[in-house]
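**Student:**
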Amino acid sequence: MLFTRLHAFFNPEQFQGWGKKRNYFEGWYYKIVSSDQQKAFAFIPGIAIDTNGYSHAFIQVLDGKQRTSLYHRFGIEDFNPSSKKLLVQLNKNSFSENHLQLDLPGIKGELHFSGNVPWPKPFYSPGIMGPYAFAPFMECYHGIVSMDHSIQGTLIIDNNKVDFTNGRGYIEKDWGRSFPSAYFWMQSNHFSRPGISLKCSVAKIPWIRNSFTGFIAGLWLNDQLYRFTIYNGTKLLRSYADENKVEIVLENRKCRLEILAHRDNATELASPILGFMNGRIEESMTAALDVTLTDKKAGNVLLQDTGKNAGLEVAGMINEIMV
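Put into structure tokens, the structure is as follows:
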């Protein structure tokens, strides 16, 4: 068991919950958008274990265009993760870095992914959490499986064949006890040309007896990952939201990242509180992100573009993370 835990720790895309018996959740977020951008779904497999040790597995389905969501509950015995790689089998459903297979009421089929863009994970900084991954008391941990990839395959959705070939996908995950009490989260890999992907989040992070405003952003551009994190010297200059928009400005010694997110109608999803999925958040998959990346030293604008089909969540007591 110790080797399994260590192997998982340095490979955050894999299942992390070995030996967990209470106050624990873990879930993966698979976003898929068809090539014509008329279909957008998120499939979220995971497990939830409450304070008393009661547990179940689940698959949430978010239809981003129709703005509907479904929560499919399974017995915990149906949840079978691999100890060697990202592979989660849940009843007749299967999820990995390179595929998903679905056998759910109203949705069946298999999709394959290629050209995945993972977040780097050197031993001293395993994944997007960086050195914070080594803190054993974090409320919520986060991982990026693939910033961007191509999709091949079809799904049968409500008896209609939907071809996702040449569509774009994104995969991330969360695990721990609860989602943050306040956070912004946004993501898009549908800019004016392929090969650009943005993920950004700002959240209230409990820390020992206090808390701080944490943030993580990554922009994949021209085969390079621009990282904006606390642990690489980035500063959060702007963090604001109202009913129409979210504004984020991040800056480090090399670059400045400015994001203006245009909010759209959102759909309710279940979220974890002390391991169990009895919280509620709202997510849009039809938001738009105006993004500007500037090289501070050269004074050049490296990117000025708008990401469509953007995932966007604004949750909790957001005044606590306003800057």
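Going by the numbering used here, the sequence shown opens with residue 15, and the numbers climb by one from there.
Idealized CB from N, CA, C, for every residue including glycine.
Rounded to whole angstroms, what's the CA-CA distance from Arg-241 to His-86? Just pull it up for me.
**Tutor:** Distance between the alpha carbons of Arg-241 and His-86: 35 Å.
**Student:** Pull up the distance between the alpha-carbon of Ile-158 and that of Asn-174, whole angstroms please.
**Tutor:** Using only the alpha carbons, I get a separation of about 31 Å.
**Student:** DSSP on Phe-193, reduced to helix/strand/coil?
**Tutor:** DSSP places Phe-193 in coil when its eight states are reduced to three.
**Student:** Could you check how far apart the C-beta atoms of Gly-60 and Phe-39 are, in whole angstroms? I think they sit under 8 Å.
**Tutor:** That belief holds up - the Cβ atoms of Gly-60 and Phe-39 are roughly 6 Å apart, short of 8 Å.
**Student:** For Arg-19 versus Gly-67, is the C-beta distance shorter than 9 Å?
**Tutor:** The answer is no: Cβ separation not under 9 Å.
**Student:** Have a look at Ala-62 and Pro-286 and give me their C-alpha separation to the nearest angstrom.
**Tutor:** In a straight line, the C-alpha of Ala-62 is about 8 Å away from that of Pro-286.
**Student:** What are the complete alpha helix (DSSP H) segments, minimum 4 residues, inside the segment 258-313?
**Tutor:** Runs found: none.
**Student:** Taking buried to mean at least 16 other C-beta atoms within 10 Å of its own C-beta, is Asp-77 buried or exposed?
**Tutor:** So Asp-77 ends up on the buried side.
**Student:** In the DSSP assignment, find the beta strand (DSSP E) that holds Ala-56 and state where it starts and stops.
**Tutor:** Note, Ala-56: beta strand (DSSP E), 54-63.
**Student:** Can you give me the start and stop residues for the beta strand (DSSP E) that His-204 sits inside?
**Tutor:** Run containing His-204: none; DSSP gives neither H nor E here.
**Student:** Within the continuous alpha helix (DSSP H) that includes Ala-22, where are the two ends?
**Tutor:** Here the alpha helix (DSSP H) through Ala-22 covers 16-23.
**Student:** DSSP on Glu-334, reduced to helix/strand/coil?
**Tutor:** Here Glu-334 sits in helix by DSSP.
**Student:** Taking the DSSP output, what are the residues bridged to Phe-72?
**Tutor:** Bridge partners of Phe-72: Gly-60, Arg-87.
**Student:** Excluding five sequence neighbours on each side, which residues of the same chain lie with their C-beta closer than 6 Å to the C-beta of Glu-296?
**Tutor:** Excluding residues within five positions, the ones whose Cβ falls inside 6 Å are Ala-280, Glu-282.
**Student:** Whole beta strand (DSSP E) runs in the segment 144-181 with 3 or more residues, listed along the chain?
**Tutor:** Within the segment 144-181, the complete beta strand (DSSP E) runs of at least 3 residues are 154-171, 174-177.
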